[in-house]
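So in the numbering used here, the last one in the sequence shown is 441, and the numbering has no gaps at all.
Glycine included, C-beta positions come from ideal geometry on N, C-alpha and C.
Below is one structure, written out as structure tokens; the observations come after it.
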Amino acid sequence: MDNTIMLCACQENEDLPQLAELPADLFTACLTTPIRTALKWHWLKYNKYFPGYIDEELLDRIPGTPGNRMSLLGEINWIFTAVTDTIAWCSFPPELFQKLFRQDLLVASIYRNYLLAERLMRAFGCHPCSWPKLKPTHNHHIW
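Below, the structure written as structure tokens:
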């Protein structure tokens, strides 16, 4: 199983979050659209403190593309990558970090997004799991 990777949304006997404000599949949303999902979660968490300050529709109108660092969306994506890479670097053994975050761009992207999924899913009582097994990073101080 050395070349196997597996990501699971929750552990046995856990229910996935089902809130109207969240994507229907929060785990998959984290893996496939991490910036949009992270911003939506942050908006849901803090909107009560600043009602009317930011419209939820604004989250879909952030200019630019994730690959263009000169755009707002690209800069946010770059910051997300730096934060998740730093959390991974500080949390996992060097060999595992190299394997998951440096050998393949797609695998690295999915595992960065998995760290976000773990953080968000834990807020709703779910405990994502993976193979290879990763230590929890949801409470890492860099978040």
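Per DSSP, the beta bridge partners of residue 428 are 305. Judged by DSSP in its simplified three-state form, residue 322 adopts coil rather than helix or strand. Its chain contains 360, 361, 362 as the residues whose beta carbon lies nearer than 8 Å to that of residue 370, once the 5 sequence neighbours on both sides are disregarded; these appear in chain order. Check the Cα spacing between residue 323 and each of 422, 434, 438: the tightest is with 422.
Per the C-alpha coordinates, the member of 428, 433, 418 positioned closest to residue 441 is 418. In this structure, the beta-carbon distance from residue 426 to residue 416 falls below 8 Å. Sixteen is the threshold: since fewer than 16 other Cβ atoms of the shown chains lie within 10 Å of the Cβ of residue 302, the residue is exposed.
Straight across, the Cα-Cα distance linking residue 404 with residue 398 is about 10 Å.
Residue 352 places its beta carbon less than 8 Å from that of residue 341.
Boundaries of the alpha helix (DSSP H) around residue 372: 370-389. Distance from the CA atom of residue 315 to the CA atom of residue 321, rounded to whole angstroms, is 9 Å. When the Cα atoms are used, residue 367 and residue 331 turn out to be separated by approximately 17 Å.
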